[in-house]
Structure formats: C-alpha cells, structure tokens
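Visitor:
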Amino acid sequence: MTPFHMNAANSATNRSGLLKFLVVLFVLAIALASAVPGYVGGKWTWQQTPQFSHLSSLQAVLQAGLTLPGWQTLDQQTIEIGGHKWSAQAILPATEAEPSPQKVVWLLLRPQTWDRDLPQIEWTDINGVQHWTTDSRQQIEFTVQSAKPPAKPITITANFFRGWTEQRTSAVLQWYAWADGGHPAPSQWFWLDQWRQLRNRQRLDWVAVSVQMPIKPFGEIETVAAEAETLAKLIQTALIERAFR
C-alpha cells in the first residue's frame, strides 16, 4: 500500500471515530436535557415508582376468590400465610354431586396488595405451613388467549410436583400470574416489571397461584396432569379477565 493510500485510510478511520464520538455526545446531551428539570425539582424519574393499576380488582380476588366454569366453590376465606393474606378456596368439579374431602381441590391466591409488594418467598411460605415432603418436580407450559385484541396465545410456565404428608397426597401447580404470561420464578417477573416501567411507566401486576389437587396416596402426578393443566388454564384466564382488566 502506498503512503497516499495509507493516509487516506487513516483519514477515513479518524472521520469514522469522530462521527461515533459526536453521536455519543448528542445522546448524552439529550439525556442531560431530560434529567436537568427533574434534578432542579428534586424529582428523579426513577424515584417516581408507577402505581399498579388494578388495586380494586386484585382486592376482589383476595376477598372472594375466582368463579371458574365447570367448578363449584365449597368454601372461600381469607387466611394468612407467612405474614401475607391469601384467598383459600375449596373447589370441586360441578359434576360431583356428593363432595368429599378426598376430592376437594384447594386454590390459593395471593394478589399483589401495594406498589412495593414484590413476589419473593410465597412457595417457601406454603411449604412451611403444609409441612409436606415434595418430589417429582418438573415444569409444564400451557397457553391461553390474551384479553387485549387482537387475541393471541400467551405462554405460562408453572412448577408441577408432588406434595405429600401422612394424611394427604397432592399434585401441586404453582406460578406467578400476570396479564400476558406467568412463571414460578420471581426473577422472571422482576425483569419484565423493570422493562415495563422503563418503557411505559407502568407496573406488572401479579397474583401468586398455588393449586393442590388430591391424588391417591403416594400416587403419580402424571395421572392428573391433563386435568391440572385444564384447571390452570381456567385460573389464568379468569385472572386475566377479572384481576388484570
């Protein structure tokens, strides 16, 4: 390469570097222009946490539980687990004419109650009050339709495992539900909530869901997997329609 070509290449590289530097300065200038008014007023953007938008409907779920098509409610009350209030709802398929304790499904719901109420150790709290042994752990995925048009499928991931004591063996489903999805890990909710705050200045309201479906003593959870998934879909859909709208 001749000295002329080398100088031309160096010149092009320098211009490219200068252009990138100017772009960075421009972006910083915009950021500072946006931040200065908040600084002068003593109100930084990230200090103004958006409020969650479904307080009344979430409270209604806590007080009354859910109405699920094809299921009857035998009892519903608000209880305390781990210092938090839960809706405890005993449900049974509507086709069951003679309810018995061995057939009752327990639906536990803990809705978010205020802006800084975060999902954390709900599953640990339930383990503490149940005093059960857990095994056969796995995760399942199911889909429901979103409420906002155009309707589209949304995917929910749930923990699925066996919980047993000397008195009762249950197939258990657990997940945190929100309007456009759900997952048993609080970290999944956290990152989506942060993104929504940054993007739309909105919060991601949530409800902790724990379903306990009775099975034969020390039976296999696969025997009720299809029924459990169908019930989970009904619960998620009911929450989307009644708690998150």
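Going letter by letter, the sequence shown gives residues 6 to 250 in this note's numbering.
Glycine included, each C-beta is placed from N, C-alpha and C at the ideal position.
Looking at residue 145 and residue 174, is the spacing between their C-beta atoms short of 8 angstroms?
Guide: To locate residue 174, count along the sequence shown from 1; it is residue 169. To locate residue 145, count along the sequence shown from 1; it is residue 140. Their beta carbons are not under 8 angstroms apart, which means residue 174 does not touch residue 145 by this criterion.
Visitor: Would you mind giving the Cβ-Cβ distance between residue 79 and residue 95, rounded to the nearest angstrom? I have them listed as a contact below 8 angstroms.
Guide: Taking the first residue of the sequence shown as position 1, residue 79 is located at position 74. Taking the first residue of the sequence shown as position 1, residue 95 is located at position 90. At roughly 4 angstroms, the Cβ-Cβ gap stays under 8 angstroms, so residue 79 and residue 95 are in contact.
Visitor: At what residues does the alpha helix (DSSP H) containing residue 168 begin and finish?
Guide: Along the sequence shown, one-based indexing puts residue 168 at 163. Careful: residue 168 lies outside any alpha helix (DSSP H), inside the beta strand (DSSP E) at 158 to 169.
Visitor: Taking only runs that begin and end inside the segment 172 to 236, name each unbroken alpha helix (DSSP H) of 4 or more residues, in chain order.
Guide: Runs found: 191 to 205.
Visitor: Considering only the beta carbon of each residue, do residue 186 and residue 161 sit closer than 8 angstroms?
Guide: Counted from its first residue, the sequence shown places residue 186 at position 181. Counted from its first residue, the sequence shown places residue 161 at position 156. In contact: residue 186 and residue 161 (Cβ atoms closer than 8 angstroms).
Visitor: Taking the C-alpha atoms as reference points, what is the distance between residue 171 and residue 106?
Guide: For the purposes of this step, residue 171 is taken as the residue at position 166 of the sequence shown. For the purposes of this step, residue 106 is taken as the residue at position 101 of the sequence shown. Distance between the alpha carbons of residue 171 and residue 106 is about 15 angstroms.
Visitor: Can you find the residues in the same chain that come closer than 8 angstroms, C-beta to C-beta, to residue 68, ignoring five residues on each side of it along the sequence?
Guide: The sequence position of residue 68 within the sequence shown is 63, counting from 1. Excluding sequence neighbours, residue 68 sits near 83 and 92.
Visitor: Please tell me whether residue 62 and residue 247 are closer than 8 angstroms, where the distance is taken between their beta carbons.
Guide: For the purposes of this step, residue 62 is identified with residue 57 of the sequence shown, where counting begins at 1. For the purposes of this step, residue 247 is identified with residue 242 of the sequence shown, where counting begins at 1. The answer is yes: Cβ separation under 8 angstroms.
Visitor: Tell whether a beta-carbon distance below 8 angstroms holds between residue 156 and residue 245.
Guide: By 1-based counting over the sequence shown, the position of residue 156 is 151. By 1-based counting over the sequence shown, the position of residue 245 is 240. Contact flag unset, no.
Visitor: Any idea what DSSP makes of residue 137, helix, strand or coil?
Guide: Residue numbering aside, residue 137 sits at position 132 when the sequence shown is read from its first letter. Looking at residue 137 - three-state DSSP - the assignment turns out to be coil, as it is neither helix nor strand.
Visitor: Rounded to a whole number of angstroms, what is the C-alpha to C-alpha distance between residue 235 and residue 70?
Guide: Stepping through the sequence shown from its first residue, residue 235 is reached at position 230. Stepping through the sequence shown from its first residue, residue 70 is reached at position 65. Taking the straight line from one Cα to the other gives about 18 angstroms.
Visitor: Between the C-alpha atoms of residue 120 and residue 127, what's the straight-line distance to the nearest angstrom?
Guide: Residue mapping note: residue 120 aligns to position 115 of the sequence shown, counting from 1. Residue mapping note: residue 127 aligns to position 122 of the sequence shown, counting from 1. Their Cα atoms are separated by approximately 17 angstroms.
Visitor: For residue 198, collect the residues of the same chain with a Cβ closer than 7 angstroms to its Cβ; drop the 5 residues on either side in sequence, then sort them by chain order.
Guide: Residue 198 sits at position 193 when you count from the first residue of the sequence shown. Contacts found: 208 and 209.
Visitor: Would you tell me roughly how many angstroms separate the C-alpha atoms of residue 231 and residue 165, rounded to the nearest one?
Guide: As a working note, residue 231 is residue 226 in the sequence shown. As a working note, residue 165 is residue 160 in the sequence shown. Residue 231 and residue 165: Cα-Cα distance of roughly 12 angstroms.
Visitor: Quick one: give me the first and last residue of the alpha helix (DSSP H) that residue 110 is part of.
Guide: Position 105 of the sequence shown holds residue 110. Element bounds for residue 110: not the alpha helix (DSSP H) but the beta strand (DSSP E), 110 to 116.
Visitor: My output table needs one value for residue 76: the three-state DSSP class, helix, strand or coil.
Guide: Locating residue 76 in the sequence shown gives position 71, counting from the first residue. Correct three-state label for residue 76: strand.
Visitor: Specify the secondary structure class of residue 144 as computed by DSSP and reduced to three states.
Guide: Position 139 of the sequence shown, counting from 1, holds the residue named residue 144. Residue 144: strand per DSSP, three-state reduction.
Visitor: What does the alpha-carbon distance come out to for the pair residue 201 and residue 238?
Guide: Here residue 201 corresponds to residue number 196 of the sequence shown, with the count starting at 1. Here residue 238 corresponds to residue number 233 of the sequence shown, with the count starting at 1. Roughly 24 angstroms separates the two Cα atoms.
Visitor: Within its chain, find whatever has a CB closer than 6 angstroms to the CB of residue 148; leave out the 5 residues flanking it on each side and keep chain order.
Guide: For the purposes of this step, residue 148 is taken as the residue at position 143 of the sequence shown. These residues qualify, in order along the chain: 158 and 160.
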